[in-house]
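Trainee:
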Amino acid sequence: MTSSATVVPTAEKGTSLGADAWRRLKRNRVALAGGIALVLIVTACFVLPVLLGMDPETTDPTRKNLPPSLQHFFGTDTLGRDYLARVLVGGQTSLLVGLAATAAVVIVGVLYGAVAGYYGGRVDEILMRFVDFLYGIPYMFLVILVMLMFSDTERGNPIPVFFALGLVQWLAMARIVRGQVLTLREREFVLAARVTGAGDMRIIVRHILPNVLGIVVIYATLTVPAVIILESFLSFLGLGVKLSWGQLVAEGVSVVNPIDSYWWLLFWPSVLLALTLFSLNFLGDGLRDALDPRTRR
Amino acid sequence: MSATETARPTKGPDTSRVVLSVRDLKKWFPIRKGLFSRVVGHVKAVDGVSFDIHAGETLGLVGESGCGKTTVGRTILRLNDPVTAGIAEFHGQDVFELQGGDLRALRRRMQIIFQDPYSSLNPRMTVESIVGEALTVHGMVANKKERRERVQDLLEKCGLDPIRHITRYPHEFSGGQRQRIGIARAIALEPELIVCDEPVSALDVSIQAQVINLLQRLQEEMGIAYLFIAHGLAVVEHISHRVAVMYLGRIAEIADTETLYANPVHPYTQALLSAIPSPDPDAPLNPHPLEGEVPTPINPPAGCRFHPRCRFAEDRCKSNTTPIPIYEVGPGHRVACILGENVDGAKRVGELVHGDDETSAS
Numbered sequence: 001m002t003s004s005a006t007v008v009p010t011a012e013k014g015t016s017l018g019a020d021a022w023r024r025l026k027r028n029r030v031a032l033a034g035g036i037a038l039v040l041i042v043t044a045c046f047v048l049p050v051l052l053g054m055d056p057e058t059t060d061p062t063r064k065n066l067p068p069s070l071q072h073f074f075g076t077d078t079l080g081r082d083y084l085a086r087v088l089v090g091g092q093t094s095l096l097v098g099l100a101a102t103a104a105v106v107i108v109g110v111l112y113g114a115v116a117g118y119y120g121g122r123v124d125e126i127l128m129r130f131v132d133f134l135y136g137i138p139y140m141f142l143v144i145l146v147m148l149m150f151s152d153t154e155r156g157n158p159i160p161v162f163f164a165l166g167l168v169q170w171l172a173m174a175r176i177v178r179g180q181v182l183t184l185r186e187r188e189f190v191l192a193a194r195v196t197g198a199g200d201m202r203i204i205v206r207h208i209l210p211n212v213l214g215i216v217v218i219y220a221t222l223t224v225p226a227v228i229i230l231e232s233f234l235s236f237l238g239l240g241v242k243l244s245w246g247q248l249v250a251e252g253v254s255v256v257n258p259i260d261s262y263w264w265l266l267f268w269p270s271v272l273l274a275l276t277l278f279s280l281n282f283l284g285d286g287l288r289d290a291l292d293p294r295t296r297r
Numbered sequence: 298m299s300a301t302e303t304a305r306p307t308k309g310p311d312t313s314r315v316v317l318s319v320r321d322l323k324k325w326f327p328i329r330k331g332l333f334s335r336v337v338g339h340v341k342a343v344d345g346v347s348f349d350i351h352a353g354e355t356l357g358l359v360g361e362s363g364c365g366k367t368t369v370g371r372t373i374l375r376l377n378d379p380v381t382a383g384i385a386e387f388h389g390q391d392v393f394e395l396q397g398g399d400l401r402a403l404r405r406r407m408q409i410i411f412q413d414p415y416s417s418l419n420p421r422m423t424v425e426s427i428v429g430e431a432l433t434v435h436g437m438v439a440n441k442k443e444r445r446e447r448v449q450d451l452l453e454k455c456g457l458d459p460i461r462h463i464t465r466y467p468h469e470f471s472g473g474q475r476q477r478i479g480i481a482r483a484i485a486l487e488p489e490l491i492v493c494d495e496p497v498s499a500l501d502v503s504i505q506a507q508v509i510n511l512l513q514r515l516q517e518e519m520g521i522a523y524l525f526i527a528h529g530l531a532v533v534e535h536i537s538h539r540v541a542v543m544y545l546g547r548i549a550e551i552a553d554t555e556t557l558y559a560n561p562v563h564p565y566t567q568a569l570l571s572a573i574p575s576p577d578p579d580a581p582l583n584p585h586p587l588e589g590e591v592p593t594p595i596n597p598p599a600g601c602r603f604h605p606r607c608r609f610a611e612d613r614c615k616s617n618t619t620p621i622p623i624y625e626v627g628p629g630h631r632v633a634c635i636l637g638e639n640v641d642g643a644k645r646v647g648e649l650v651h652g653d654d655e656t657s658a659s
């Protein structure tokens, strides 16, 4: 976010905030492992199905409810579909929804919160009362409303889902950022920047946003799982996207019974979901530390 | 008054050139309550303050916490807009009337050094960005190389290592070093006036002297005038040419440093002076320590604001019916107290007016 306006390597060792952050991130083993795991999951979900020509839809009545084997690594489901293909293709939706909705949340929430907090007074009052108003509406109601607005779009199109989920989640981000900006605005380094004649834009971009970055990163990594889970709930209600981890988990739960347990139907999507969420949290933690010059080694 | 000095940089203050002239400055902060933010009162942080600062001069501004001295500095720098009343003329131009480009031009000539060296530096910026930001904002450097050279000059001037320190972040420095970075930032634009807002109060005593010496050296080299805010008279004595003592938003006494320390007239000045600890263990203890707390500036006492804590208070000090006289008891030595009339040759030059408080609803 902060550009590297400080790299002119004539002095000791000119390092920009970005390069510095990367160096610190590389030293953080846990965060690095999280990052690598995330990259692996994303590549698997988006590249493997295309590369191997996997088909998550074709049913085969002769191959129903098979446990994991060499032929079907993840087994097959109750309609005889290859479960590996279904989990990977379902991951595409979940990851896309999670990351895209979070990106929207970060952009909208941070800008909104920063403006409200920085200008304060009336502006703040109006902007934040609007947030309160949206908070007051039960979020399911809001989501269903949005989905209905898009009802003529093709079923399974993820755009309305991004929109609906983003609409719910940006409120908390805006509140968090506003609170931070409110205190930062009074800090003396911001006053100093004003005394030197820096404009509002410069103060927000150079002085305030870099200092809320840490908390934004953390909250964003918490938003991704929240969105993925919310999406699976929507899927469960029949409002979501066709195929996602959330939906697979829901289906998997429904077939687990003490007599004839098809455990793999629940196991695989849950494991991948959990793995993704863990990786994100570790990576987010590491990013926050890496972006803070005070954690220097 | 020797007005024979040449242009900047000068040795000592040039009393013929007034840099900043403040008249009847008032800054009241509204207290809002309720759903519609009704104004229910004011914090009268600064309530009628006047003084002049000459070129290359240091004016000490002293008072207890909450007396409004920081507000004076920040209001002059347009950090507390809008001002309630009064004018502050910087080279004859009222700073409160400036807007846009004119205000930015003023920013080049007036700077500030803050008390807390920890909160005054952006933890996410390198020393180079912090010190060089003003240069970039005002387009005073053509490129990064030039900026780096200028920043290195500034760091060297402030006693920092121009090679090793420039790429570092604030958290890697000690309090004293951080304050030097803050000073480098303030002098980057070669201002004529710097508001020093308790610049050494947060530092170790051993470091305080170093920073004060640095400020004095910079003043001699660059002819900068300082408004030096502090909460005790001990620090101010060393650096100030003149000292103003503030109490509850008003100036109680103002004089050149030697006069003020030798012949304080206002009981509050006397109390502050007697509060300076003596290194001599056998010295008698302060016979008249100041008692009580500073009253609230929301509802300051009637009459002389110091009267509830004053040993000499008479009935005429305690009501708003008699204004508090201002006496000139010597050249440039003014005191806002009835005791001024006892001084030989005292001349009544004005008075503090009461009753202009529109909020006397209580």
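Line by line, the protein sequences are chains A and B. Number 247 in this note's numbering belongs to position 247 of the first sequence; there are no gaps in the numbering. Number 653 in this note's numbering belongs to position 356 of the second sequence; there are no gaps in the numbering. Beta carbons are placed, not taken as given, at the ideal position from N, Cα and C, and that holds for glycine.
1. For Ala298 (chain A), return the contacting residues in chain B, with the cut-off set at a CB-CB distance below 7 angstroms.
2. Please check if any C-beta of chain B sits within less than 8 angstroms of the C-beta of Arg27 (chain A).
3. What are the complete alpha helix (DSSP H) segments, minimum 4 residues, inside the region 400 to 470 of chain B?
4. Quick check: the Cα distance between Ser659 (chain B) and Ile410 (chain B), rounded to an integer number of angstroms?
5. Could you please tell me which residues of the region 190 to 209 of chain A, in chain order, have their CB closer than 9 angstroms to any CB of chain B?
6. What residues of chain A sit near Ile409 (chain B), judged by a beta carbon separation below 7 angstroms?
7. Measure the alpha-carbon distance for Met1 (chain A) versus Asp82 (chain A) and round it to whole angstroms.
8. Which ranges would you report for the alpha helix (DSSP H) in the region 138 to 222 of chain A if only whole runs of at least 4 residues count?
9. Assess, as a yes-or-no matter, whether the region 626 to 634 of chain B is touched by the region 558 to 578 of chain B under the definition of 3 or more beta carbon pairs within less than 8 angstroms.
10. Alpha carbon to alpha carbon, how far is Ala44 (chain A) from Leu38 (chain A)? Give it in angstroms, no decimals.
11. Quick one: is Asn377 (chain B) near chain A, going by C-beta distance under 8 angstroms?
12. Can you find at least 3 beta carbon pairs, one from the region 361 to 368 of chain B and one from the region 540 to 557 of chain B, that sit closer than 8 angstroms?
13. Apart from the five residues just before and just after Val108 (chain A), which ones in its own chain have a Cβ nearer than 6 angstroms to its Cβ?
14. Take Phe189 (chain A) as the anchor and find which of B:Leu451, B:Val424 and B:Pro488 has the nearest alpha-carbon.
15. Would you check if there are 3 or more beta carbon pairs closer than 8 angstroms linking the region 447 to 462 of chain B to the region 323 to 330 of chain B?
16. Return the residues of the region 279 to 291 of chain A that lie within a Cβ-Cβ distance of less than 9 angstroms from chain B, sorted by chain order.
17. Go through its chain and collect everything with a Cβ distance to Ser279 (chain A)'s Cβ below 6 angstroms, but skip five positions before and after it.
18. Quick check: the Cα distance between Ala164 (chain A) and Val271 (chain A), rounded to an integer number of angstroms?
19. For Gln513 (chain B) and Ile484 (chain B), which I take to be in contact (beta-carbon distance under 8 angstroms), what is that distance rounded to the nearest angstrom?
20. Once DSSP output is grouped into helix, strand and coil, what is the label at Tyr523 (chain B)?
21. Does the beta-carbon of Asp292 (chain A) have 16 or more other beta-carbons within 10 angstroms, so that it is buried, or is it exposed?
22. For Glu188 (chain A), return the contacting residues in chain B, with the cut-off set at a CB-CB distance below 7 angstroms.
23. Report the partner residues of Phe387 (chain B) according to the DSSP bridge assignment.
24. Name the chain B residues that come within less than 9 angstroms of Leu185 (chain A), Cβ to Cβ?
25. Which residues in the same chain as Val168 (chain A) place their Cβ atom closer than 8 angstroms to its Cβ, once the five residues preceding and following it in sequence are excluded?
26. In chain order, what residues of the same chain have a beta carbon less than 8 angstroms from the beta carbon of Asp391 (chain B), not counting five sequence neighbours either side?
27. Look at the Cβ atom of Leu486 (chain B), then the Cβ atom of Arg405 (chain B), and state whether they are nearer than 8 angstroms.
28. Taking Cβ-Cβ distances below 7 angstroms as the criterion, which residues of the region 436 to 468 of chain B are in contact with chain A?
29. Classify Phe525 (chain B) as buried or exposed, calling it buried when 16 or more other Cβ atoms lie within 10 Å of its own Cβ.
30. Inspect the beta-carbon positions of Ile478 (chain B) and Leu418 (chain B) and report whether they are closer than 8 angstroms.
31. Since Val448 (chain B) and Phe387 (chain B) are thought to touch, with beta carbons under 8 angstroms apart, how far apart are those beta carbons, to the nearest angstrom?
32. Between the C-alpha atoms of Ala198 (chain A) and Ala192 (chain A), what's the straight-line distance to the nearest angstrom?
33. Spatial neighbours of Tyr118 (chain A) within its chain, please: CB distance less than 8 angstroms, with the 5 preceding and 5 following residues excluded, ordered by chain position.
34. Find the residues of chain B that neighbour Arg294 (chain A), judging by a C-beta separation of less than 7 angstroms, and give them in chain order.
35. With a threshold of 8 angstroms on Cβ separation, who are the neighbours of Ala342 (chain B) within its own chain once the five nearest residues in sequence on each side are excluded?
36. How about Val346 (chain B) and Val319 (chain B): are their beta carbons less than 8 angstroms apart?
Mentor: In short:
1. The shown model of chain A, from 1 to 297, leaves out residue 298 (chain A), and the question about it has no answer.
2. no
3. 424 to 434 and 441 to 454
4. Any reading at Ser659 (chain B) is ruled out, since the residue's pLDDT is 32, under 50, leaving its predicted position unreliable.
5. Val190, Leu191, Ala192, Ala193, Arg194, Val195, Thr196, Gly197, Ala198, Gly199, Arg202, Arg206 and His207
6. Ala192 and Val195
7. Annotation note: pLDDT 42 at Met1 (chain A) (below 50); position unreliable, no value reported.
8. 139 to 149, 159 to 185 and 188 to 195
9. yes
10. 10 angstroms
11. no
12. yes
13. Trp170
14. B:Val424
15. no
16. Leu291
17. Gly34, Ala37 and Leu38
18. 26 angstroms
19. About 13 angstroms separates the two Cβ atoms, so there is no contact after all.
20. strand
21. buried
22. Phe411, Asp413, Ser416 and Ser417
23. B:Leu317 and B:Gln390
24. Checking the sequence shown, residue 185 (chain A) turns out to be Arg, not Leu. Going along chain B, no residue has its Cβ under 9 angstroms from Arg185 (chain A), so there is no contact; the nearest lies around 12 angstroms.
25. Tyr139, Leu142, Val143 and Leu230
26. Ile384 and Ala385
27. yes
28. Lys441, Lys442, Arg445, Ile460, Arg461, Ile463, Thr464, Tyr466 and His468
29. buried
30. yes
31. Incorrect: roughly 26 angstroms between the Cβ atoms, too far for contact.
32. 9 angstroms
33. Val181, Arg185, Asp200, Ile203, Ile204 and Ile208
34. Pro420 and His468
35. Lys324, Trp325, Phe326, Gly365, Thr368, Gly546 and Pro594
36. yes
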